[in-house]
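Visitor: I'd like to ask some things about the structure below.
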Amino acid sequence: MGRDDTIFALASAPGRAGVAIVRVSGSAARFAVQTVSRRSPPPPRRAQVRAFRSSAGEIFDRGLVLWFPAPDSYTGEDVAEFHIHGGRAVLAAMIEALAAIPGLRAAGPGEFTRRGVESGKLDLTQAEAIADLVDAETEAQRRQALRQYDGALAKLTDGWRTELAKALAWAEAAIDFSDEELPDDVMTDARQTAALVKDAITARLEEGHRGELVREGLFVAVVGAPNAGKSSLVNALAGRDVAIVSETAGTTRDVIEVRLNLGGYAVILADTAGLRAAADHIEAEGVRRALQRAETADLVVWVRDGSSPDSALEYNDKLDSNSVVTVWNKADLPWPAAQDGLKLSLKTGDGLEAVVEAITAAAREKLEGGGEAPLLTRARHREMLEEAVAALARAEAQDAPELFAEDLRLAVRAIGRIAGRVDVEDLLDVIFRDFCIGK
Ligand code: GDP
Numbered sequence: 026m027g028r029d030d031t032i033f034a035l036a037s038a039p040g041r042a043g044v045a046i047v048r049v050s051g052s053a054a055r056f057a058v059q060t061v062s063r064r065s066p067p068p069p070r071r072a073q074v075r076a077f078r079s080s081a082g083e084i085f086d087r088g089l090v091l092w093f094p095a096p097d098s099y100t101g102e103d104v105a106e107f108h109i110h111g112g113r114a115v116l117a118a119m120i121e122a123l124a125a126i127p128g129l130r131a132a133g134p135g136e137f138t139r140r141g142v143e144s145g146k147l148d149l150t151q152a153e154a155i156a157d158l159v160d161a162e163t164e165a166q167r168r169q170a171l172r173q174y175d176g177a178l179a180k181l182t183d184g185w186r187t188e189l190a191k192a193l194a195w196a197e198a199a200i201d202f203s204d205e206e207l208p209d210d211v212m213t214d215a216r217q218t219a220a221l222v223k224d225a226i227t228a229r230l231e232e233g234h235r236g237e238l239v240r241e242g243l244f245v246a247v248v249g250a251p252n253a254g255k256s257s258l259v260n261a262l263a264g265r266d267v268a269i270v271s272e273t274a275g276t277t278r279d280v281i282e283v284r285l286n287l288g289g290y291a292v293i294l295a296d297t298a299g300l301r302a303a304a305d306h307i308e309a310e311g312v313r314r315a316l317q318r319a320e321t322a323d324l325v326v327w328v329r330d331g332s333s334p335d336s337a338l339e340y341n342d343k344l345d346s347n348s349v350v351t352v353w354n355k356a357d358l359p360w361p362a363a364q365d366g367l368k369l370s371l372k373t374g375d376g377l378e379a380v381v382e383a384i385t386a387a388a389r390e391k392l393e394g395g396g397e398a399p400l401l402t403r404a405r406h407r408e409m410l411e412e413a414v415a416a417l418a419r420a421e422a423q424d425a426p427e428l429f430a431e432d433l434r435l436a437v438r439a440i441g442r443i444a445g446r447v448d449v450e451d452l453l454d455v456i457f458r459d460f461c462i463g464k
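Final position of the sequence shown in my numbering is 464; the numbers increase by one with none missing.
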């Protein structure tokens with residue numbers, strides 16, 4: 026796939042729709058407009074109604090053309106947009122007309138955005154944010170993606186990078202110049218700056234996987250004794266029948282997962298096997314998996330039957346280790362144990378609202394609780410920062426300015442990779458420009 030090719034693709038969703046948008050990017054975009062609409066592109070960013078013609082010259086649709094000349098476009102190249110009627114045959118005709126033009130080919134996945142990154146219109150974190158915005162199903166995901174698209178993460182990492190590059194410049198000065206030529210505290214300043222940045226990154230890493238959880242979904246395990254109402258609760262939350270609800274104890278032997286939007290947060294709800302001393306080895310395996318799921322979940326919902334003794338109590342210690350929301354179900358039945366906490370009847374629906382609120386609140390606490398909104402939204406971001414912290418820790422231990430500088434350089438590179446900024450030397454040039462040594 027040549028980078029000089031002009032690419033085209035359907036930018037809107039496939040299928041029947043009022044309008045479909047076909048985007049063209051590259052040096053032949055102007056020619057594509059001329060060929061398909063028989064006229065030069067309209068003035069930049071102004072829509073014009075035109076007839077569109079096939080390669081045989083037949084008019085196949087009428088619609089809008091928009092023209093975004095380089096560099097003021099999504100890709101940084103010349104971009105044309107055709108807004109056609111969103112029918113399959115219309116789209117097929119447009120694709121045929123474009124494919125017939127020399128130098129044009131269908132775009133690969135993500136190719137428009139990739140060109141945007143390559144031409145410097147977007148940094149890598151923004152490109153990731155666009156993918157996240159398109160995939161966002163919940164409010165929290167959308168907010169997080171938009172914040173990243175607006176540059177929150179790039180700003181943070183660029184700030185660290187600039188600070189470290191300054192320290193690097195001081196260290197390099199200490200290598201290149203004699204002591205008499207330099208202020209006394211150059212290396213001290215460099216070390217202090219490196220230490221401050223290391224602390225700042227470490228603090229960010231301590232926010233854990235929150236950003237990834239918002240993006241990928243919080244794992245919630247629904248556990249409890251057989252027949253406590255776990256499947257009924259999962260079904261009620263999901264609003265459709267996904268788990269098997271049955272009166273025979275021990276039917277959910279495996280783990281059943283449902284993805285849902287709970288109060289604006291993406292959660293993956295897992296219905297698990299009932300917890301009790303198992304009757305056979307298949308059930309024992311179900312119990313083992315349920316406990317394992319409870320242990321690895323971000324949140325546990327423990328469903329308890331308030332009308333009967335709880336066989337899950339013997340696993341109390343295992344369930345206690347995580348964030349647990351306890352729900353007392355079957356409040357419609359005679360209630361021997363007077364219990365505090367959330368009372369629910371899945372039979373009548375009483376208390377369901379409060380349970381949804383409690384689970385949502387616990388999810389919110391997990392995802393947003395404690396301080397600033399998370400900015401690290403992918404494992405990739407964390408890995409790069411962990412690499413940077415390791416390099417900075419090594420730098421701290423180095424006495425020789427040369428070795429200190431080398432580790433700092435590795436840290437700057439690792440941080441730069443988050444937003445796709447690779448060149449350390451460029452950064453040094455900028456800093457040395459304001460440097461006064463020898464002047
Ligand atoms: P699980 O084994 O924990 O998944 O429990 P289920 O959701 O399969 O429910 C077990 C049985 O309890 C079913 O017969 C449900 O209809 C019943 N059940 C669930 N919730 C309630 C409730 O709030 N009140 C009453 N009376 N029965 C319920």
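Note that beta-carbon positions come from the ideal geometry of N, C-alpha and C, so glycine has one too.
Do three or more CB pairs link the stretch 310 to 318 to the stretch 189 to 196 at distances below 8 Å?
Guide: They do not touch, by the three-pair rule.
Visitor: How far does the beta strand (DSSP E) with residue 244 in it reach, from first residue to last?
Guide: 243 to 249
Visitor: Which residue marks the beginning of the beta strand (DSSP E) containing residue 111, and which one marks its end?
Guide: That run of the beta strand (DSSP E) goes 104 to 111.
Visitor: Among the residues of its own chain, which have a CB less than 6 Å from the CB of residue 71, if the five just before and after it don't count?
Guide: none
Visitor: Taking the DSSP output, what are the residues bridged to residue 50?
Guide: 32 and 104
Visitor: Measuring CB to CB, does residue 282 end up less than 7 Å from residue 295?
Guide: yes
Visitor: Residue 311 to residue 297, Cα distance in whole Å?
Guide: Taking the CA atoms as reference points, residue 311 sits about 8 Å from residue 297.
Visitor: For the ligand ATP, is there any heavy atom lying closer than 6 Å to the beta carbon of residue 368?
Guide: Of the ligands this structure carries, namely the ligand GDP, none is the ligand ATP.
Visitor: Thinking just about the alpha-carbon of each residue, which of 96, 67, 62 and 99 is nearest to the one in residue 83?
Guide: 62
Visitor: Determine the DSSP secondary structure at residue 173, reduced to helix, strand or coil.
Guide: DSSP places residue 173 in the helix class (H, G or I) of the three-state scheme.
Visitor: If we require 4 or more residues per run, which alpha helix (DSSP H) segments fall completely within the stretch 320 to 353?
Guide: 341 to 345
Visitor: According to DSSP, which residues form a beta bridge with residue 312?
Guide: Looking at the DSSP assignment, residue 312 forms no beta bridge with any residue, so it has no partner.
Visitor: Mind checking which residues open and close the alpha helix (DSSP H) that includes residue 432?
Guide: 426 to 444
Visitor: State the Cα-Cα distance for the pair residue 245 and residue 110, rounded to the nearest angstrom.
Guide: Approximately 43 Å, taken between the alpha carbons.
Visitor: From residue 426 to residue 100, what distance separates their C-alpha atoms?
Guide: 42 Å
Visitor: Restricting to Cα atoms, I'd like to know which of 80, 331, 438 and 306 is closest to residue 369.
Guide: For residue 369, the nearest C-alpha among the options comes from 331.
Visitor: Please give me, in chain order, every unbroken run of the alpha helix (DSSP H) with length at least 4 that falls completely inside the stretch 353 to 420.
Guide: List check, alpha helix (DSSP H) in window: 377 to 393.
Visitor: In terms of DSSP beta bridges, what is residue 290 paired with?
Guide: 287
Visitor: Return the CA-CA distance between residue 418 and residue 412, expressed in angstroms with no decimal places.
Guide: The straight-line gap from Cα to Cα measures roughly 10 Å.
Visitor: Just mark residue 233 as buried or exposed, buried being the case when its beta carbon has 16 or more other beta carbons within 10 Å.
Guide: exposed
Visitor: Residue 108: buried (16+ other C-beta within 10 angstroms of its C-beta) or exposed?
Guide: buried
Visitor: Give me, in chain order, the residues of the same chain whose beta-carbon lies closer than 6 Å to that of residue 125; leave out the 5 immediate sequence neighbours on both sides.
Guide: Only residues of its own chain outside the window of five on either side were considered, and among them 80 have a CB closer than 6 Å to the CB of residue 125, listed in chain order.
Visitor: Just tell me which of 225, 55 and 440 has its CA closest to the CA of residue 405.
Guide: 440
Visitor: Taking the alpha-carbon positions, what's the residue 434 to residue 421 distance?
Guide: 13 Å
Visitor: Classify residue 378: buried if its beta carbon has 16 or more other beta carbons within 10 angstroms, exposed otherwise.
Guide: Taking all protein chains shown into account, residue 378 has fewer than 16 neighbouring C-beta atoms within 10 Å of its C-beta and is therefore exposed.
Visitor: From the DSSP output, in three-state form, read off residue 202 for me.
Guide: coil
Visitor: Suppose the cutoff is 6 Å on Cβ atoms and the five residues either side in sequence are ignored; what does the same chain contact list for residue 337 look like?
Guide: Cβ neighbours of residue 337 beyond the five flanking positions: 249, 250 and 300.
Visitor: Return the residue from the list 161, 141 and 341 that minimises the CA-CA distance to residue 152.
Guide: 141
Visitor: Any heavy atom of the ligand GDP closer than 6 Å to the beta-carbon of residue 50?
Guide: no
Visitor: Could you tell me if the beta carbon of residue 98 falls within a distance shorter than 6 Å of some heavy atom in the ligand GDP?
Guide: no
Visitor: Excluding sequence positions up to five away, which residues of its chain have a Cβ less than 6 Å from the Cβ of residue 403?
Guide: For residue 403, where only same-chain residues beyond five positions count, there are no Cβ hits under 6 Å.
Visitor: To the nearest angstrom, report how far apart residue 241 and residue 187 are at their CA atoms.
Guide: 31 Å
Visitor: Taking Cβ positions, are residue 8 and residue 351 nearer each other than 7 Å?
Guide: Limits of the chain in this structure are 26 at one end and 464 at the other, which puts residue 8 out of reach.
Visitor: For the alpha helix (DSSP H) holding residue 151, just list the boundary residues, first then last.
Guide: The continuous alpha helix (DSSP H) containing residue 151 extends over residues 149 to 160.
Visitor: From residue 98 to residue 414, what distance separates their C-alpha atoms?
Guide: 37 Å
Visitor: Restricting to Cα atoms, I'd like to know which of 60, 112, 239 and 447 is closest to residue 41.
Guide: 112
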